[in-house]
Each structure stands twice: as C-alpha cells, then as structure tokens.
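Data block below; observations after.
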Ligand SMILES: CC(C)(COP(=O)(O)OP(=O)(O)OC[C@H]1O[C@@H](n2cnc3c(N)ncnc32)[C@H](O)[C@@H]1OP(=O)(O)O)[C@@H](O)C(=O)NCCC(=O)NCCS
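In UniProt numbering, the protein residues as written are 1 to 224.
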C-alpha cells in the first residue's frame, strides 16, 4: 500500500508537451482540449486502447497483447504504470505496464501485477495507425523509461517482442535477454530488458543525506 502510494505520488510526466498558446483571458475559450498531452491512462481510456490494439494486432495476427478485460484489469490495478499520448483529446499512442517479480517472464506475467516486484513488464506499446512513422513510438518509450527512473523500487523494464521488432527496441536502449518461455499460438518471442539505473529518487536522497552529513561534520568540527 505504502509502495503504491509512493508510486502514485511520482507523476512528473503529467504535463503538456507543448506550451499552451498565449491567449488573453478575455478571449479564452472554455473546455478547449490540450493540443498534446501525456498522462497516465484510466479505465475510461480502455476502449480507445483496445481500438488501437484491434487495428494494430488483431487485424494482423488474430491475437493482441491485452484483451479489453485485461486492459481494464491493469488500468485498475496499476494505472501509474501506463502512459497515454493524446492529441486534442484523442489517444494516439500508449504503453501499459505492470510489476513483475522474477528474472524472466512466465505466462503468469501476462495477467498478474506483482506489487512488490522491481521489474516493470511492458505489456504493449502501440501507436494509432495514422500517427505512425512520426517517431511517436520511440518518444513515448523514452518518456516512459525516464518516468520509471523516478519510481523508487523499479530496477529494470522487460518486454517480449517478435523478432522483427528487436532492432526497434534496441534503438530505445533495450538489450536481448534471450528466448521467451511464452508462446501465443504459433507466435514466439524474444525477451528484452532495460536497466533502470541511477534513480532520480536515490540521487535526490543521497544529495539530502550528503547535505545533512556536511552540516553535522561542520557543526562537530566547529565545537572543537
Ligand atoms: C512499432 C511501433 C510502436 C513503432 O512506432 P512508430 O511511432 O510508428 O515508430 P516510427 O515509425 O516513427 O519509427 C521509429 C524508428 O523505429 C523503426 N521501426 C519502426 N517500426 C519498426 C519495425 N516494425 N521494425 C523495425 N524497425 C521499426 C523505424 O525505422 C525508425 O527508425 P529510425 O529512427 O532509424 O528511422 C508502431 O509502428 C506500432 O504501433 N505498431 C503496431 C503495434 C506494435 O507492433 N507494437 C510493438 C509490439 S508491443
């Protein structure tokens, strides 16, 4: 519970991606949707998520990483491990993750969220068809990985992908871990991982501790 609260508190990525246009208060319109926004997903976004998945995966292979009930499941259990990119209120790209507590992925990782795990299992990254080939996938992944650095107990991110996507994830800094034990029908996967090192949280705490130590030593020395 404490852990989940600490994660929920770390949401530095929730900000507009572009500054809002400067409009004088007199002519400001109400209910204007932000041109571009990145925020965690919630269960109300589940349908939009699944629509993108349906086009990206089901129409291609008949399978998809998360079915609608699983999307809702993870957005209920760990919304803070999801990230959606919205253009004028419309979902254009997203990532959904959950926590995992073993070195390698097993079939349990497809449905479980292990609250004490230190590994973020990235279930899916997908970009809406009309917004692909604009660099949005890599940008969203970069922001997500930066965000994970702010979560105190996260040590690495893992994902499973079909082999043709290995070069794509390599460009984002992922390394191959090996063959994945999970298969879906005739589909096989490679497991990849990304180290979440140099925690901003740890660095901040070390800095605060260092300041206290400095003050304490200075005070002790001044007494002699
Ligand atoms: C894969 C996906 C997330 C890429 O996002 P995107 O925003 O369209 O990425 P871009 O096309 O702008 O490509 C960025 C880079 O990745 C490379 N890339 C994109 N798709 C690739 C693919 N299928 N295989 C290999 N490289 C790929 C591009 O060549 C480009 O490289 P460059 O920067 O050297 O030019 C997106 O195409 C998508 O949603 N596909 C369907 C769902 C999917 O397969 N998701 C991943 C599995 S969970």
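Where is the CB? At the ideal position from N, CA and C, for every residue including glycine.
Using a Cβ distance threshold of 8 Å, residue 40 and residue 65 do not count as a contacting pair. DSSP assignment within the stretch 111-196 yields the following whole alpha helix (DSSP H) runs of 4 residues or more, N-terminal first: 136-148, 166-171. Exposure of residue 107 is indicated by the presence of fewer than 16 other C-beta atoms within 10 angstroms of its C-beta. Separation of the CB atoms of residue 140 and residue 120 is rounded to 14 Å, and the pair is thereby denied contact status at 8 Å.
Using a Cβ distance threshold of 8 Å, residue 148 and residue 95 do not count as a contacting pair. Distance from the C-beta of residue 170 to the nearest heavy atom of ligand 1 is not below 7 Å. For residue 165, the Cβ falls inside the 7 Å cut-off from some heavy atom of ligand 1. Short note on residue 134: C-beta closer than 7 Å to some heavy atom of ligand 1. Our two residues, residue 132 and residue 93, have alpha carbons roughly 9 Å apart in a direct line. Excluding five sequence positions before and after residue 69, none of the CB atoms of its chain fall closer than 7 Å to its own CB. Note: residue 93 is bridge-paired with 85, 127 in the DSSP secondary-structure output. According to DSSP, residue pairing for residue 98 in a beta bridge involves 121. As computed with DSSP, residue 36 is found in a beta bridge with 87. In this structure, the alpha-carbon of residue 62 lies about 20 Å from that of residue 122. Annotation: the continuous alpha helix (DSSP H) that includes residue 46 extends over 46-53. In the displayed model, residue 63 falls within coil according to three-state DSSP, outside both helix and strand.
Taking the Cα of residue 188 as reference, the smallest distance to any Cα among 160, 109, 167 is reached at 160. Excluding the 5 residues flanking it on each side, residue 48 has same chain C-beta neighbours closer than 7 Å at 91, in chain order. In the three-state DSSP reduction, residue 105 falls in the coil class, being neither helix nor strand.
Rounded to the nearest whole angstrom, the CA to CA distance from residue 135 to residue 85 is 13 Å. In the structure shown, the three-state DSSP call for residue 41 is coil. Here the distance from the Cβ of residue 64 to the nearest heavy atom of ligand 1 is not below 7 Å. Taken from the Cβ of residue 35, every heavy atom of ligand 1 lies 7 Å or farther away.
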